[in-house]
Amino acid sequence: VFEGPLDLLLSLIHKPIVFAVIGTALAAPLVHIFRCSNIALHIFANTGSGKSTLNKLALSLFANPNCTAALPTINATKAGLEYFFASHRDLPSIIEDIDSSNDDRSKKLVRDLPYQFVNNTGRLRAKKSGGNDILLDFRGSLITNGERPLTSDSSAGGGKRRLIELKADDNIFSASQARLIHSTIKDNFGLFGRDWISYIQSHVDALRSDFHNYSFSDFGFFTQFPSKIPLHLYSLAAITTSFIHFCVHFLHLDQDTAIKYAIPSAIHIIRSLPDEVEIADFQRSKSFIRDWIDMHPKHFMQPTDLSDAPYTYSPYTYPDNVTT
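For any residue, its number in the numbering used here is found by taking its place in the sequence shown, counting from 1, and adding 12.
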């Protein structure tokens, strides 16, 4: 029963976007062990690119991706999403078409989502009978997709700091690959989740050691990319560690081959992410201000063409034919 899913995964893991999504799903149970923040990943590409197919493949490692509410959309209440996250503690949560909202309530919910999930806790609410309701706690990883980035140049820096946003190709999978994925996971799902959790429990020290190495050793991400955002680097170290261990112990690759798949993909993704200075408010405000000035020229003094104006000179500079 494992042969089909294993062959399928082996044929796809060389793609950086597959590495990112599969690794983020696998890293969910390790967030607590690594003592790092929750991981939030957003994939955006044009419709029909295969984003949903990739999400179903990632979720199929743990559960049936075709069951009701397995892959909800943003058409939900804030409380509903909080209970969804809390019920997936130490497991991946996936939301489809997150940027499809049109009403102001849903748009605000989308803007707040990276803060809400990565900060681990839901909203504090009062009970009708008095006192406060139970504060829901989130732990694990969140994967979302849409046709646009969730953040923009005018977004708060905290959202960009907490969220990894990746542009996917418009054809993540070929038509034949997409059909193979859907046919394979239709009857083969939940094959790895239980064993992956058991593996983590029996290999905690090795996993922590590798996470530390991919973070801080001479070849670690913090050493290679000191200007990048720490939350992003911790997340990529957790994703890389999870992916390599899964490839070695479940896909039966030797460690060198697994590393050759994972590290180039991780480095490719890190290079595409913003630097610390790029998300600083003062830096991002420059292009915003320039664009606003270009769109509202009547409010500003414009440069004057003085090419036909008579020659004048300052009392502190002299023409060539004047001597002092």
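Here a beta-carbon is modelled for each residue, glycine too, at the ideal position from N, C-alpha and C.
Burial state of residue i (16 or more Cβ within 10 Å)
i	result
residue 143	exposed
residue 173	buried
residue 276	exposed
residue 311	exposed
residue 254	buried
residue 92	exposed
residue 338	Since the displayed the chain opens at 13 and closes at 336, residue 338 lies outside it and no answer follows.
residue 286	buried
residue 235	exposed
residue 150	buried
Identified DSSP bridge partners for residue i
i	result
residue 19	Partner(s): none; residue 19 has no beta bridge.
residue 56	158 and 179
residue 274	DSSP output for residue 274 lists no bridge partner at all.
residue 85	108
residue 138	144
residue 287	240
residue 252	Paired residues: none, contrary to the question.
residue 152	103
residue 51	153
residue 80	Looking at the DSSP assignment, residue 80 forms no beta bridge with any residue, so it has no partner.
residue 133	149
Integer-rounded CB distance, given that residue j should sit under 8 Å from residue i
i	j	result
residue 16	residue 200	6 Å
residue 233	residue 239	Actually they do not touch by this definition, with Cβ atoms about 12 Å apart.
residue 155	residue 36	6 Å
residue 180	residue 31	That pair is no contact at about 12 Å.
residue 20	residue 196	5 Å
residue 104	residue 69	With 8 Å as the limit, residue 104 and residue 69 do not qualify as a contact, their Cβ atoms being about 12 Å apart.
residue 46	residue 274	The Cβ separation is near 16 Å, so there is no contact.
residue 237	residue 282	5 Å
residue 50	residue 130	5 Å
Backbone CA spacing between residue i and residue j [nearest angstrom]
i	j	result
residue 121	residue 90	7 Å
residue 126	residue 52	7 Å
residue 248	residue 278	7 Å
residue 111	residue 171	15 Å
residue 188	residue 60	14 Å
residue 54	residue 185	18 Å
residue 116	residue 123	11 Å
residue 78	residue 62	16 Å
residue 152	residue 42	8 Å
residue 148	residue 96	10 Å
residue 294	residue 243	Any reading at residue 294 is ruled out, since the residue's pLDDT is 49, under 50, leaving its predicted position unreliable.
residue 229	residue 219	15 Å
residue 146	residue 128	16 Å
residue 26	residue 258	14 Å
residue 163	residue 291	11 Å
residue 212	residue 272	22 Å
residue 280	residue 28	8 Å
residue 75	residue 307	50 Å
residue 210	residue 261	12 Å
residue 94	residue 40	17 Å
residue 24	residue 33	12 Å
residue 214	residue 246	22 Å
residue 99	residue 241	29 Å
residue 193	residue 101	26 Å
Are the stretch 200-219 and the stretch 83-101 in contact at 8 Å, needing three or more beta carbon pairs?
no
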